[in-house]
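Numbering (my numbering), first residue to last: 4 to 132. Glycine residues also receive a C-beta, built at the ideal position from the N, C-alpha and C atoms. Being a predicted model, the structure only gives us computed values, none of them experimental.
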Amino acid sequence: MFGNLSWEHILVLVVVGLVILGPERLPGAIQWTSTSLRQARDYLSGVTSQLREDLGPEFDDLRGPFSDLQTLRGMSPRAALTKHLLDGDDSFLTGNFERPVNGTAAHHPQQPQPPVQQHGPAPFDTDAT
């Protein structure tokens with residue numbers, strides 16, 4: 004459950020808990036939290052095993068759409084767009100529109116644009132502000 008937390012994050016949580024709860028109540032709060040998490044995990048595994056027994060082979064058919072939803076949940080909008088609409092080719096999104104020529108990408112150097120010279124103050128529109 005806390006697999007995506009680094010040691011620094013856990014240390015910050017412990018320090019914040021120590022400041023908020025104090026050193027007297029922190030061990031009890033940690034014990035209560037770990038006990039509650041363990042009970043919830045046991046309850047969920049019991050529900051899963053009960054469903055597996057009741058449904059039998061249909062349980063795997065039920066799990067299929069949920070696993071598909073889980074993979075879609077992990078996708079970013081960019082990854083979903085690339086996968087479903089662009090067949091995995093993300094050159095449209097990265098701005099690399101040049102087609103490879105003989106195995107190498109064509110390179111067209113851009114000419115530097117001269118700076119625009121303005122004389123006097125910038126225009127000011129009183130109705131716009």
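- In this structure, L21 sits away from L8, with a CB-CB distance that is not shorter than 7 Å.
- In the DSSP assignment, P80 falls within the unbroken alpha helix (DSSP H) covering P80 to H87.
- With 16 or more other CB atoms across the displayed protein chains lying within 10 angstroms of its CB, T85 is buried.
- In this structure, the alpha-carbon of M78 lies about 26 Å from that of R44.
- In the structure shown, A125 falls within a coil segment according to DSSP collapsed to helix, strand and coil.
- The continuous alpha helix (DSSP H) containing A32 extends over residues W10 to L58.
- By the criterion of a C-beta distance shorter than 6 Å, Y46 is surrounded by no residue of its chain, once the five residues flanking it on both sides are discounted.
- In this structure, DSSP gives D90 a state outside helix and strand, which the three-state scheme calls coil.
- For D130, no alpha helix (DSSP H) encloses it, and the DSSP letter there is neither H nor E.
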